[in-house]
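Here's the structure we're looking at; comments come further down.
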Amino acid sequence: MKRTIRRILALSLVLCLFLAASALGEAARFGPQDLNVNAAYAGASETDVRQAFGEPVSAETSTQAATGDTLTTWRYDGLTLRFTEGRLTGADWTSPAPNGPRGLKVGDSLDTVTGAFYRDAAASEDVLYTAGWVDALQAQLPPYGIVIRHADGSVTVQYLAPVEPYAADVAASPAEYVYQSHAILTFSVSSDTSTVVEINWSLGALAE
Numbered sequence: 011m012k013r014t015i016r017r018i019l020a021l022s023l024v025l026c027l028f029l030a031a032s033a034l035g036e037a038a039r040f041g042p043q044d045l046n047v048n049a050a051y052a053g054a055s056e057t058d059v060r061q062a063f064g065e066p067v068s069a070e071t072s073t074q075a076a077t078g079d080t081l082t083t084w085r086y087d088g089l090t091l092r093f094t095e096g097r098l099t100g101a102d103w104t105s106p107a108p109n110g111p112r113g114l115k116v117g118d119s120l121d122t123v124t125g126a127f128y129r130d131a132a133a134s135e136d137v138l139y140t141a142g143w144v145d146a147l148q149a150q151l152p153p154y155g156i157v158i159r160h161a162d163g164s165v166t167v168q169y170l171a172p173v174e175p176y177a178a179d180v181a182a183s184p185a186e187y188v189y190q191s192h193a194i195l196t197f198s199v200s201s202d203t204s205t206v207v208e209i210n211w212s213l214g215a216l217a218e
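In the working numbering, the protein residues as written are 11 to 218.
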């Protein structure tokens, strides 16, 4: 529970920094403050989410084995919301109705998605920005934005950012970042229409 509260406080601080960056006119890097679906942001209570979306079609509760946290999943038509200890920590949807991070929606084009976030002037086609490369994981170091192109022609756009600045252990061993809490945002783009068919975001550690 204390860890959840710290994450919410960290989100508030990052939101202030995001607003300051937005005032400069440049598209900012993805961050935890971007995690929303309509008026419900990461960290919202079940009460607030119920007011925004009404009663779910179905709901189920479980306990996370590694942490003992209570996990709750609410399902609506084309929308799934996930809570940890009563706070919103994940969402995915295929419905074109909800507004997601930075107003993006199912049905938007790939260019619309990548244009809503910062892109490094020296970026490649598939690495929009990155903090570096982690040899041990053969992966980019967050914060990053990447484009993954699949054999069937579909595309995944993924943004990853730490909720709080990395501590000394990550500086000493970058692969340790997987144990820190992150905000993750993914857009699935269809090969048939070249538009977004699913949006997914979550808040939490990548590994326990």
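Beta carbons: idealized from backbone N, C-alpha and C, even for Gly.
The three-state secondary structure of Arg97, taken from DSSP, is strand.
For Tyr176, the secondary structure class from DSSP, reduced to helix, strand or coil, is coil. Non-local C-beta neighbours of Asp162 in its own chain, meaning closer than 8 Å and more than five positions away in sequence, comprise Ser201, ordered along the chain.
Here Ile209 is buried, its C-beta having at least 16 other C-beta atoms within 10 Å.
Ser198 is bridged by DSSP to Thr166, Glu208.
When the alpha-carbon of Ala54 is set against those of Gly96, Pro66, Thr90, the nearest one is in Gly96. If the five residues before and after Val207 are omitted, its C-beta is found closer than 6 Å to the C-beta atoms of Ser198, Ser200, all from its own chain and listed in chain order. Counting every other CB atom within 10 Å of its CB across the protein chains shown gives Leu147 a total below 16, marking it as exposed.
Between Gln150 and the set Glu65, Asp130, Ala132, Pro184, the nearest pair of CA atoms involves Pro184.
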